[in-house]
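Down below is the structure, laid out as structure tokens.
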Amino acid sequence: MARRLCRDGSLVSAVHLPTIADDAGSGIVLRGIRMRDARALDHELKLNRTWLRTWEATNPSGFTFGGDPKSLIRLLLAQARDSVGIPLIIELDGELVGQLNVSSLVYGSLSSGQIGYWIAERAAGRNVTPTAVAMATDYCFSALGLHRMEICIRPENAASLRVVEKLGFRYEGLRRRYIHINGDWRDHFAFALVREDVPEGVLNRWRAGQAPVGDARIPERDAVAASRDPRLDTPTGYPSRAEH
Ligand SMILES: CC(C)(COP(=O)(O)OP(=O)(O)OC[C@H]1O[C@@H](n2cnc3c(N)ncnc32)[C@H](O)[C@@H]1OP(=O)(O)O)[C@@H](O)C(=O)NCCC(=O)NCCS
């Protein structure tokens, strides 16, 4: 395996990550994360601290990568080398505006993965994330031969729920205290697509206006049963400025 010396003296093995460009001229590109993204990533994460914190995965041990983006990137690249993750940068017009990670990759009889994402506040509301999720899902189905892609979202995260709704991901259920987010175990709604759902591709289906309406609808029973943080129950699902 090819190895490379980093500026900080550590040795890393080369890992091949895809570059996926949207041909339709949106300016959106997904590309593999690199050690040299550390500075730009650190800048974005600090700039968007308040915007991201509520939805950020945390470690129950209290460990944090805060202020050490190189360690975070090193971990993501190690997961890629172990074939359990695909860490991607979301670029808009050549600028780093977010991250999309495919994680929990398994092959064989399960052949599935999970998708997580964030976008800088200045790029929000422009369909960048749904486009990126569609591109990544299509890549996983067509290039990797995966069968099922899953996205899990906190009940209060109205913006992220819109992403799966737009793309026609199917609601699959309520997962109790499923992921450690912003310091505690949080309930999540799970959504998924399998390859047979989208023979034409997720991006093509959405752009053709063919994404099924209502597949991401959450049954009343689960909507009521999901544990919510009342401070986040604003019309947008985002904490008001006063709560930041
Ligand atoms: C969730 C998130 C990734 C959506 O990305 P996006 O690229 O803005 O997605 P969209 O453009 O499809 O916008 C989705 C919804 O966000 C809402 N929205 C748009 N701009 C917004 C803003 N500036 N502030 C709050 N909400 C906004 C709108 O309701 C929009 O739905 P609409 O297009 O029907 O109006 C982004 O809001 C984000 O990174 N949030 C913080 C981190 C996070 O929640 N990650 C996901 C964890 S599951």
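Sequential numbering from 25 applies to the sequence shown in the numbering used here. Note that beta-carbon positions come from the ideal geometry of N, C-alpha and C, so glycine has one too.
At a Cβ threshold of 9 Å, is residue i touching chain B?
i	result
P236	The structure shown contains no chain B, having only a single protein chain.
Along the chain, where does the alpha helix (DSSP H) that runs through residue i open and close?
i	result
S95	93-105
A62	62-71
V226	226-231
V53	That residue, V53, is in no alpha helix (DSSP H); its beta strand (DSSP E) goes 52-56.
A247	244-249
Specify, as a first and last residue, the run of the beta strand (DSSP E) that residue i falls within.
i	result
W209	208-218
I'd like to confirm the pairing. Which residues does DSSP put opposite residue i in its beta bridges?
i	result
L198	F213
A81	I205
P111	N125
T43	R55
L120	E115
V130	S136
Can you have a look at residue i and say buried or exposed, based on whether 16 or more other CB atoms are within 10 angstroms of its CB?
i	result
A38	exposed
D269	Past the edges of the chain, shown from 25 to 268, lies residue 269, and the structure says nothing about it.
V237	exposed
A244	Checking the displayed sequence, the identity of residue 244 turns out to be Glu instead of Ala. Exposed, by the Cβ-count rule.
A45	exposed
A48	exposed
Y131	exposed
T78	buried
N83	exposed
V24	Nothing about residue 24 can be reported from this structure: the residues present for the chain run from 25 to 268 only.
T153	buried
L191	buried
A240	buried
S166	exposed
T43	exposed
L71	exposed
A266	For A266, the predicted structure reports a pLDDT of 42, less than 50, and the residue's modelled location is therefore unreliable. A value from the coordinates is still provided. Exposed: under 16 other Cβ atoms inside 10 Å.
Less than 8 Å separating the Cβ of residue i from some heavy atom of ligand 3?
i	result
D92	Although ligand 3 was asked about, the structure shown includes only ligand 1 as ligands.
- Any contact of the segment 219-236 with the segment 158-171, i.e. 3+ C-beta pairs under 8 Å? yes
Extract the residue ranges of the alpha helix (DSSP H) inside the segment 136-190, only unbroken runs of 4 or more that lie entirely within it.
152-166
request  = State whether the segment 89-109 contacts the segment 167-181, with contact taken as three or more CB pairs (one from each stretch) at a distance under 8 Å.
outcome  = Touching, no, given that fewer than three Cβ pairs across the two stretches are closer than 8 Å.
Kindly confirm or deny that the segment 44-60 and the segment 84-100 touch, where touching means at least three C-beta pairs closer than 8 Å.
The segment 44-60 is in contact with the segment 84-100.
- Message: Does the segment 108-128 come into contact with the segment 140-156, if we say contact requires no fewer than three beta-carbon pairs (one atom in each stretch) closer than 8 Å?
- Response: yes
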